[in-house]
Every structure is written in structure tokens, then in C-alpha cells.
Amino acid sequence: MLRGTRTRLTALLHRPLPRPPDAWRRGPFRAGAFRSGLRTERVAAWLGLWLGVAFGLCFLTGLISHGIQHPPAWFWWPSRPVGLYRVTQGVHVATGLACVPLLLAKLWVVYPKLFVWPPARDVRHAVSRIAVLVLIASAIFQVASGVLNIALWYAPMGFFFTVAHFWTAWIAIGALLVHIGAEIEGVRRAVRRPPPAPAAPSSEDSHGLTRRGLFATVGAAVGVVTVATVGQTLTPLSRLSPLAPRRPDIGSQGLPVNKSAASAGVGEAARDPAYRLVVDGPDGQLELSIDDLRSMPAHTVELPIACVEGWSAEADWTGVRVRDLLDEVGVDPDSDVRIESLQRGGLFRTSVLAPPHARDALTLLAYAVNGETLNLDHGFPCRLIAPNRPGVLQTKWVARIGPA
Ligand SMILES: Nc1nc2c(c(=O)[nH]1)N[C@H]1C(S)=C(S)[C@@H](COP(=O)(O)O)O[C@H]1N2
Ligand SMILES: [Mo]
-19 MLRGTRTRLT ALLHRPLPRP PDAWRRGPFR AGAFRSGLRT ERVAAWLGLW LGVAFGLCFL
41 TGLISHGIQH PPAWFWWPSR PVGLYRVTQG VHVATGLACV PLLLAKLWVV YPKLFVWPPA
101 RDVRHAVSRI AVLVLIASAI FQVASGVLNI ALWYAPMGFF FTVAHFWTAW IAIGALLVHI
161 GAEIEGVRRA VRRPPPAPAA PSSEDSHGLT RRGLFATVGA AVGVVTVATV GQTLTPLSRL
221 SPLAPRRPDI GSQGLPVNKS AASAGVGEAA RDPAYRLVVD GPDGQLELSI DDLRSMPAHT
281 VELPIACVEG WSAEADWTGV RVRDLLDEVG VDPDSDVRIE SLQRGGLFRT SVLAPPHARD
341 ALTLLAYAVN GETLNLDHGF PCRLIAPNRP GVLQTKWVAR IGPA
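Heads up: the sequence shown at position 296 corresponds to 276 in the working numbering, and the numbers run straight through without jumps.
See below:
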């Protein structure tokens, strides 16, 4: 029964499709329309391999980031090592940016295949060509929307970035797996085969660029893109990274600002002398003024803010341990904890601390940074700072905490 189905499927996939009349074979469809000796299976295979590695790393680190921000019930993320998210998200953005030159080179090498003749030999050929089109479209979408997002240029995106970027990633990875399945033999051959004699890239269309020259150019482009941007998270390189959207050392109090108090509309509520931090728990409710917070045991921790956009910056934070506040009102140590901002709207006005983070000795409601009172833009009167957590969950202008 199963074998019968499989035979029928194989027969269907190999069913020849009608061949269009040769008179339609014009322009780029002509035999010999593309003559660059660089457009070989071997070059395409190597570029595909690098692209696959970069894309795969980008996909996995993206899943981690998405999991932390929208955790399914089974998901667990530790609070140590404190800088792990900084690394995974740095890798996510760096590998995504490396895909820009790799993808351009790969598309340049393979785009004549758009014009193969006949357009589809059989059903299998047609399916694999459609999968490639889906792959190209989704890969371009992922890279372009990612770049727009780290450039904080949301205007051209008529959709919600996070949702579109997440679901398109699954479409891209699915199409990539189909593509790898279809091409794996060719890649094996290309990678094993010794390179053809240097005479190969000889036609005028290659402008004298050799295969080694092409690889060196692509490699150099990846290197330049990486060095020019990675300083936003690898702080010693920050001066070498003119294309980085953020310099981690530029901003008030030695730290970039991602959402200002003015744009969040919290200035008035944050400066109000009647401000009280509300701490909820089974044993009651605390209402703490700024002076009350300052009179509690203070701790100073060195922790980075690691934004999903790929920049990160280290700072010394001073404040009260979240677990000390929770213990005062008897919150269960196994409980998730909800942090709420003074901010009225906005996607990031609340966040949830899972128990490993809520109970970590490094997790603070900080009222000072780098030895100064937190300014309004960094979250005055107090903000959350916790180890190994995306910046978007480091809630500023905290108004209330309690069990989730
Ligand atoms: N209430 C609130 N907190 C917030 C945000 C926000 O929009 N609203 N943005 C977050 C993001 S995306 C980041 S990266 C950090 C940046 O903190 P900073 O501006 O102090 O560097 O704050 C986080 N806390
Ligand atoms: Mo962020």
C-alpha cells in the first residue's frame, strides 16, 4: 500500500511537462545568453554553503531571542552566564548582516537559472524551482526587514516586524531544507572536485575576475560589513564601526537611549513627588517612595543592556534586589513576576521575570547608573536590570511589581 503510493508519487514527480515552442526562447532565454565563467556549479555550491551556515546560525539565534520574549510553556532560559544573550543576539545580527553580501553574490551567480529552457522539465523540476523562488523571496524579506529594523526605520514596513520576521523565518528555513535536499548531491560533487584549470573564467563577461577573486571580494565584503557594525556590541571595536546604528559608548550617562521619556510620555508621572513603587504579594502591598527605596540594602552590579537590535552596552547599576522586595510581601519563589511601567501604552510597558531571573541576586530595580542618579531617559525613578535578558525586557520607569 505504502509502496504503491510511493511509486505513484515518483511517477507523478517525473511526469514530463509540455515543452514550450522554441520560438519563445528569446532574450535571456537564448542558449549562451550568460557567459561569465564564474557562474559555475562549484562557485554556487561554495556560496550556498557559506550562506547556509550564516543563515542557519541566524535562524537558531533568532529562535532563542523569540523564545525569551514569547516563551512557550516548555521554554526555559537561565539567568547566567550574564552576557549569553548579548552573544547570541550579537551573532544573530552579525550573521544576518553577513547574509547581505553573500546573498547578493549567490543571486548574481545563479540568476541565469531563472531563464533555463525549458522552464520546467517535469513536475519535480517545477516543484523545486517554485521552492527556490519561495526561498529567494523569503530570504530577501528576512534580510531587508532585519536591516530596516536595526536602522530603526519602520516606515517602509506596513506590518508588525516581530510577527512577520518570525513567521517568514520558518518559511525560509523550510524552503532552504527543500533546496538543500534537491542540491545536496551537486554540492558534494562541487566541494570534492578539484577546481578546474585556471583557464575556465575566460569570457569577456567575467571582466577578468577569477573564482579566487570573486571569493576574496565576497569574503572582504563580509569582513567589512561585520567590522563596520559589530562594534555596536563588541565594544572594543566601537570606533571601527561607522555603520553601526548605535555606538555603545555614546548616549546620556555613557549609555545609548532606546526610548526616551518624552516619546514614552512618562515625564510627568516619573517626576511626580507622589510617585510610589507598588509591590504586590500574598502578604499585602507596599508603597515605596524613592527615599524608601534608597533606605533599603543597596547593591551595585555590572550588567549589559543587550538590545534585540544588536547593540549592547555595559554599565554599573545600583539599586534594590527584586527578590528582597518580593520576599517582603511573601511572593512564592517559583512564581513568575510581572513588571509594569508608568508608561501608558507601548508594546514594552510590561515584562515578565521567570523565577531564575526574579530570584537572581543580580536582578535589581536600579535607581542609579555609573554612579549617578538614573536620568529620566534611562528609567527614573527606577528601572529593571537583570542578567542575560534582552534590552526590550529591561523595563524602565517601573510603577508596580508582583506575581504574574
Ligand atoms: N517602559 C519601557 N521600558 C523599556 C522600553 C520601552 O519602550 N518602554 N524599551 C526597552 C528597550 S527596547 C531597550 S533596548 C532598553 C534600553 O534602555 P536604555 O534606553 O536605558 O538604554 O529599554 C527597554 N525598556
Ligand atoms: Mo531594545
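A virtual CB, placed ideally from N, CA and C, is assigned to each residue, including glycine.
Since the model is a prediction, treat every value here as computed from it, not as a measurement.
{"query": "contact_flag[the stretch 157 to 174, the stretch 52 to 71] where n(CB pairs < 8 Å) is 3 or more", "result": "no"}
{"query": "Start-end ranges of the alpha helix (DSSP H) lying completely within the stretch 274 to 335, minimum 4 residues", "result": "302 to 308"}
{"query": "CB contact flag (L132, E289, <9 Å)", "result": "yes"}
{"query": "Beta carbon nearer than 6 Å to a non-hydrogen atom of ligand 2", "result": "N238, C287, V288, E289, G371 and V372"}
{"query": "Coil, strand or helix - P61 by DSSP", "result": "coil"}
{"query": "Secondary structure of Q374, DSSP reduced to three states", "result": "coil"}
{"query": "R298 burial status per 10 Å Cβ neighbour count (16 or more: buried)", "result": "Note that residue 298 is Thr in the sequence shown, not Arg. Under this definition T298 is a buried residue."}
{"query": "Alpha helix (DSSP H) segment containing R173, residue limits", "result": "Per DSSP, R173 belongs to no alpha helix (DSSP H) and is neither H nor E."}
{"query": "Short Cβ contact (9 Å threshold) for A348 with L342", "result": "no"}
{"query": "Neighbourhood of L64 by C-beta distance below 7 Å, restricted to the same chain and skipping five residues each side", "result": "N368"}
{"query": "Integer Cβ distance of V332 from I381, believed to fall under 8 Å", "result": "That belief does not hold up - the Cβ atoms of V332 and I381 are roughly 11 Å apart, past 8 Å."}
{"query": "Cα-Cα separation, W54 to R256", "result": "35 Å"}
{"query": "Touch test, the stretch 204 to 217 against the stretch 90 to 108, Cβ-Cβ under 8 Å, three pairs minimum", "result": "no"}
{"query": "Coil, strand or helix - D272 by DSSP", "result": "helix"}
{"query": "Option nearest L214 by Cα separation, candidates G138, T68 and A250", "result": "T68"}
{"query": "According to DSSP, residues forming a beta bridge with A348", "result": "T298 and T353"}
{"query": "Continuous alpha helix (DSSP H) assignments of at least 4 residues falling wholly in the stretch 80 to 135", "result": "103 to 130"}
{"query": "Helix, strand or coil at V198 [DSSP, three-state]", "result": "helix"}
{"query": "Proximity below 9 Å, CB of A149 to CB of L82", "result": "no"}
{"query": "When R104, E308 and G17 are compared against W88, the one with the closest alpha-carbon", "result": "G17"}
{"query": "Rounded straight-line distance, which links the Cα of I151 to that of V33", "result": "17 Å"}
{"query": "CB contact flag (R123, C79, <9 Å)", "result": "Reading off the sequence, residue 123 comes out as Val, not Arg. In this structure, C79 lies closer than 9 Å to V123 by Cβ."}
{"query": "Simplified DSSP state of V205, which is helix, strand or coil", "result": "helix"}
{"query": "Paired residues, beta bridge with R363 - DSSP", "result": "A346"}
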